[in-house]
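Protein chains in written order, with my numbering: chain A, 16 to 156; chain B, 4 to 385.
For each residue, glycine too, the CB sits at the ideal point set by N, CA and C.
Presented below is the structure to which this report refers.
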Amino acid sequence: MYRESPIIRWRRYPERYRLEGNKCTQCSKIYFPKAYLCECSSKKFEPHQLKPRGKILTYTEIKSSPEEFSEMTPYCVAIIELDEGPKITTQIADCDVSEIKIGDEVEMIFRKFLASGDEGIIHYGFKFKKVEENTSLNLKN
Amino acid sequence: MKIGIIGVGATKFGELWRYGIKDLLAESQLLALEDAGLSERDIDMIVTGNMCSSTFSGQSHLGSMASEILNINVPSIRVEAACASGSVAIRQGIHAINSGEADIVMVNGVEKMTDVQTRQATTGLMGAGDEEWEGTQGLTFCGLYAMMARAYMHKYSLTREQLALVSVKNHKHATLNPIAHFHNEITVDQVINSSIIADPLTLLDCSPITDGSASIILASEEVAKKCEKPVWIIGSGQANDTLSLHARKSLTEITATTQAVQRALLQAKIGIDKVDVTEVHDCFSIAEVMAIEDLGLIPRGEAGKIMEEGQTYFDGKIPINSCGGLKACGHPIGATGIKQAWEIVKQLRGEAGKRQVKGAQIGLTHNVGGTGSTVVVHVFSR
């Protein structure tokens, strides 16, 4: 029902498409998803696009999934800590779960989530994947 | 504060195909009235804890359903706090009595879960987490607790075999409880080798999808004193935390539990060491491990060893979940908190039969909503 709603997804495009959170203009604390009230009690924020890198704090492989996700089951879900501080829940794509470890470095990728409803509207958003050693070298070059 | 529990009732827990939500609610309410020796006209207010009736049965407005069953028109409300709905309902009953508006309050917990398919139930239950930032990532509740289990096992030396002991013990206890969903014993091997739901948790690490209803009748001290065998609520504490698991400071402990138990014990003016029998929220095996540590019943990181020594059996040093827990007595979401109180009342009255904890004087319940977003702790005395 609600998971098929394109409106719910559309409302969060900045977050889902480019990891846009917000940053307190008083104390500079960064939030994702956006906060309404800062821990320092300030209500003044500016949009902040987070760096798309982080590390895995914990993870699981979902073998029994909610109905909307049955096509892609099994899949890996993790809690990661982004380099700039916020922690988020995300799918880890393109991985063999047996090769995932707590502490692994991951980077954001843009992926298809679901095709839903009668019209099969496709929902996209962030997932993460393990940073390959080669990729890191390439980035340095 | 002293609130009396003067009557309790619970339906059989299980897959009750023949019974709808109203049948269940009626049975537990009438059993509680009978147990208390009261007429329905003695009830001043009704509070019903429930999470998913709107999603699973298309029925909201359980307040009116509960009062209609009793043919009375007193104030009657439904409260929701995910899996902690039952205990939060008890707290609203306590508040009503303490405010002076009511002397006698019927508190119910009910959930009818088997009218929908398991996948639909899984989706509905995810409403206890953060739908926008956890649910939409394809996470399930088992997945959330699996991530806590992984983090815990990474930090402390808890083995897969030790974790399985939670379910083995709770199934043993359930064989001694007539209302329990399951009456079969299981082994460590069976737990480890049952199908994986969310790695590292298997089917037998998970509480089942259960129908059931439980009711307790609360009364002011003045009224309860005149009753035959009241059990007293001497402490009630609640704490809340973030809706999502990822926003927490720790993934290996539930801070709201430590805060709620402190608040409840402060009210009760006793230490945790005085508690004789405890019901904890074992929605998944790892939840019981973390609960007994967060409550301060055992030192942090030592659950594995203590469970191996058999200390958490009903006849051990730290009896946990003598009714079979959520795992084996069953987990009809809204009913769970009330059933925990029901079990403690049975234990403190000495009516727990084959699973009786000898000489139990003080009991404690621990009821969790979501991944620790709401936690309620109650302390009871004879």
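At a cut-off of 7 Å between C-beta atoms, A:E82 counts as an interface residue with respect to chain B. If you check the CB distance, B:V280 and B:E291 do not come in under 7 Å. Around the beta carbon of A:T40, fewer than 16 other beta carbons lie within 10 angstroms, which makes this residue exposed. By the CB criterion at 7 Å, B:S325 and B:H176 fall inside the cutoff. B:A13 and B:Q343 have their alpha carbons spaced roughly 11 Å apart. Residue burial annotation: B:Q350 is buried, with at least 16 other C-beta atoms found within 10 angstroms of its C-beta. Per DSSP, the beta bridge partners of A:Y139 are A:K127.
Annotated three-state conformation of B:W20 is coil, per DSSP. Rounded to the nearest whole angstrom, the C-alpha separation of B:H186 and B:D214 is 16 Å. Shown in chain order are the members of the segment 56–87 of chain A whose Cβ falls below 9 Å from a Cβ of chain B: L72, T73, Y74, T75, E76, I77, K78, S79, S80, P81, E82, E83, F84, S85, M87.
Selection B:L27, B:E134, B:S70, B:P211 evaluated against B:E43 yields B:S70 as nearest (Cα-Cα). Beta-bridge partners assigned by DSSP to B:S239: B:H381. For B:D202, the residues of chain A that pass the 8 Å Cβ criterion are T75, E76, K78, V112, in the order they occur in the chain. A residue is called buried once 16 or more other Cβ atoms fall within 10 Å of its Cβ, and A:R33, having fewer, is exposed. Residue environment analysis places B:Q140 among the buried positions, since at least 16 neighbouring C-beta atoms fall within 10 angstroms of its C-beta. 7 Å or more divides the Cβ of B:D192 from the Cβ of B:F287.
By the CB criterion at 7 Å, A:E76 and A:V112 fall inside the cutoff.
In the three-state reduction of the DSSP assignment, A:E122 falls in the strand class. Sixteen is the threshold: since fewer than 16 other Cβ atoms of the shown chains lie within 10 Å of the Cβ of B:G274, the residue is exposed. Rounded to the nearest whole angstrom, the CA to CA distance from B:Q62 to B:M54 is 11 Å.
Shown here for A:C42: same chain residues with a beta carbon closer than 8 Å to its own, the five before and five after excluded, namely C53, E54, C55, S57 in chain order. Interface annotation for the segment 113–129 of chain B against chain A: R122, Q123, T125, T126, M129, criterion Cβ-Cβ distance under 7 Å.
In terms of CA proximity to B:T51, B:A84 leads the group B:P302, B:I289, B:A84, B:P233.
Beta-bridge analysis with DSSP links B:S218 to B:G12, B:N111.
Your pair B:I72 and B:K25 checks out as a contact, with CB atoms roughly 7 Å apart and the cut at 8 Å.
By alpha-carbon distance to B:Y148, the top candidate from A:A93, A:I23, A:K70, A:P67 is A:A93. Per DSSP, the unbroken beta strand (DSSP E) holding A:V92 starts and ends at 90–97.
Apart from the 5 residues on each side of it in sequence, B:N76 sits with its Cβ closer than 7 Å to the Cβ of S70 in its chain, given in chain order. Neighbourhood of A:T40 in chain B, by CB distance below 8 Å: empty, with the nearest CB roughly 21 Å away.
For B:S247, the C-beta contacts it makes with chain A under 8 Å involve T104, in order along the chain. Each residue's CA atom was taken as its position, placing B:E104 and B:T377 some 26 Å apart.
Taking B:L246 as reference, the option from B:R352, B:W136, B:P211, B:H174 with the minimal CA-CA separation is B:W136.
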